[in-house]
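For what it's worth, my numbering labels the leading residue of the sequence shown as 1, then goes sequentially. Data first, discussion second: the structure below is written as structure tokens.
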Amino acid sequence: MKLIRSILIAVMVLAAATAWSKPLTINLGFTSAKGSSYDILASKFAELAGKYSNADINVKVRCCGQLVTEDEAFKAMQLGTVDMYVITDANIAPHFPLMNAFVLPYIFQNAEHARKVLDGPVGKGLADKLYKETGVTLLTYGGIGYRDFYNSVRPINTMADLKGVKIRVPKNDVMIATWKAFGASPIPLAWAETPPALQTGAVDGGDNGTSFIKTQKFYEICKNLAILDHFSYVNPLFASKRVMKKLTDDQKKIIFKAAKEAGQYHSEVMAKDLKEIRAWLGNEGGMAVTYPDKSEFIREALKVQDNYAKDRGDEFKQLLKDIRNAAK
């Protein structure tokens, strides 16, 4: 009897050891294609998580909306049906309205200001509040992207040069208000309507993430590119409460370390790509590239920020104040 009991205990111990040694699999999704900015962040995180855990954590990267769409992803993480996801800031705001602060024009006056906000007390406080209110963990904000302005009318050197220029904008109140403040004539259009509108002259230009200007070949239609850095965006990496509860304390440390380093890597790659694509557009793309003085644009953008914030609560107003103070 004692022999049988000993054998059973040994089997149970062996089974437990085998279960413990089995790698934890985490599915990390995003909507864009392989090789995209999302993929760069996700793949680096997966690589580092595997490296630092000695393959005890296996992050499987799922591109192209294989898990859910980006619109559905945040809610899915709250429900625990998705482990991790990369989501742009605009698609987080419906679930956590404070994230709308990042949609405002010149919310970051330059790259240094952005990193001070995201990597400092403001960014940490926002992530903590997001977890408290939604149960979703923000692992890293990742790199910063920018929308560049292109048009077929004239080079833009001052705000006065925008007068009368018809600019395609998304159906977004903040963007419409911003371009009006800059003196242009914004025309809200869906993305699908944008290429034909540019080709027919229904609009004179627009603003997009720099890589889109190249991939969509807008440089063939619009020969003027102004580097304003007026709208920026982040694409944070999130984790569900369900998957975080599966981790031991040591595994959590590994996840946060891998996320931090992946975010730093992503920032470096995005900055490098931004510089290279802008150079390509000005050379091979044949665009006239200008770098207007941003001071007058920032002055008007601050008014747009104030007008937007006045209808929000005290928390939003305080967040806006904290972000501004980080630039000092």
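Quick reminder that beta carbons are idealized off the backbone N, C-alpha and C, glycines included. Predicted model, so just to flag it, every value in this text is computed and none were measured.
Judging by CA-CA distance, which residue of the options is the nearest neighbour of residue i?
{"i": "I144", "options": "L198, D293, T194, E268", "result": "E268"}
{"i": "F316", "options": "G201, K245, F96", "result": "F96"}
{"i": "N110", "options": "N58, Q305, Y131, I227", "result": "I227"}
{"i": "Q216", "options": "L281, K321, K129, L24", "result": "L281"}
{"i": "S37", "options": "V203, P236, M84, D71", "result": "P236"}
{"i": "V82", "options": "R62, V304, V122, I254", "result": "R62"}
{"i": "F218", "options": "F238, L319, F149", "result": "F149"}
{"i": "M77", "options": "Y308, E112, G135", "result": "G135"}
{"i": "L302", "options": "G285, C222, F238, I323", "result": "I323"}
{"i": "T290", "options": "K129, L225, E112, N307", "result": "L225"}
{"i": "K132", "options": "P196, K241, A327", "result": "K241"}
{"i": "G313", "options": "G35, L98, F45, G80", "result": "L98"}
{"i": "G285", "options": "Y146, D229, K214", "result": "K214"}
{"i": "H230", "options": "P195, A114, K51, F256", "result": "A114"}
{"i": "N172", "options": "L79, A190, L48, I255", "result": "A190"}
{"i": "F30", "options": "G50, I277, G65", "result": "G65"}
Would you kindly work out how many angstroms separate the C-alpha atoms of residue i and residue j, rounded to a whole number?
{"i": "L247", "j": "K272", "result": "34 Å"}
{"i": "P188", "j": "R168", "result": "6 Å"}
{"i": "T88", "j": "G183", "result": "28 Å"}
{"i": "L41", "j": "I26", "result": "15 Å"}
{"i": "P292", "j": "Q264", "result": "29 Å"}
{"i": "G201", "j": "N151", "result": "10 Å"}
{"i": "G209", "j": "R299", "result": "23 Å"}
{"i": "E296", "j": "T158", "result": "8 Å"}
{"i": "A101", "j": "N91", "result": "13 Å"}
{"i": "L104", "j": "P23", "result": "42 Å"}
{"i": "S178", "j": "K245", "result": "Going by the sequence as given, residue 178 is Thr instead of Ser. Between T178 and K245, the C-alpha separation is close to 42 Å."}
{"i": "T372", "j": "M84", "result": "The structure shown does not extend to residue 372, since the chain spans only 1 to 328, so no value can be given for it."}
{"i": "Y233", "j": "A262", "result": "17 Å"}
{"i": "C222", "j": "M270", "result": "24 Å"}
{"i": "Y308", "j": "F238", "result": "27 Å"}
{"i": "G50", "j": "K252", "result": "13 Å"}
{"i": "V68", "j": "L320", "result": "32 Å"}
{"i": "Q318", "j": "D311", "result": "13 Å"}
{"i": "K166", "j": "D128", "result": "41 Å"}
Quick one: grab the DSSP three-state call for residue i.
{"i": "R168", "result": "strand"}
{"i": "M159", "result": "helix"}
{"i": "M287", "result": "coil"}
{"i": "R154", "result": "coil"}
{"i": "A101", "result": "helix"}
{"i": "V174", "result": "helix"}
{"i": "D148", "result": "strand"}
{"i": "Y52", "result": "helix"}
{"i": "R115", "result": "helix"}
{"i": "R312", "result": "coil"}
{"i": "D39", "result": "helix"}
{"i": "D204", "result": "coil"}
{"i": "P195", "result": "helix"}
{"i": "N91", "result": "helix"}
{"i": "K328", "result": "coil"}
{"i": "N110", "result": "coil"}
{"i": "K317", "result": "helix"}
{"i": "K329", "result": "The question about residue 329 has no answer, for the chain in this structure spans 1 to 328."}
{"i": "K246", "result": "coil"}
Bridge partners for residue i per DSSP, in chain order?
{"i": "L24", "result": "I57"}
{"i": "P188", "result": "V169"}
{"i": "Y85", "result": "G29, F238"}
{"i": "A226", "result": "F149, T290"}
{"i": "L138", "result": "F238"}
{"i": "Y233", "result": "G145"}
{"i": "R62", "result": "G29"}
Return the first residue and the last residue of the alpha helix (DSSP H) that residue i is part of.
{"i": "H266", "result": "249-282"}
{"i": "G123", "result": "121-134"}
{"i": "A309", "result": "295-309"}
{"i": "S211", "result": "210-215"}
{"i": "L67", "result": "Run containing L67: none; DSSP gives neither H nor E here."}
Within 7 Å: the Cβ of residue i and any heavy atom of the ligand PLP?
{"i": "V61", "result": "The ligand PLP is absent from the structure shown, which contains no ligand whatsoever."}
Determine, for residue i, whether the minimum Cβ-Cβ distance to residues of chain B falls below 8 Å.
{"i": "G313", "result": "Annotation note: the requested chain B is absent from the structure, which comprises a single protein chain."}
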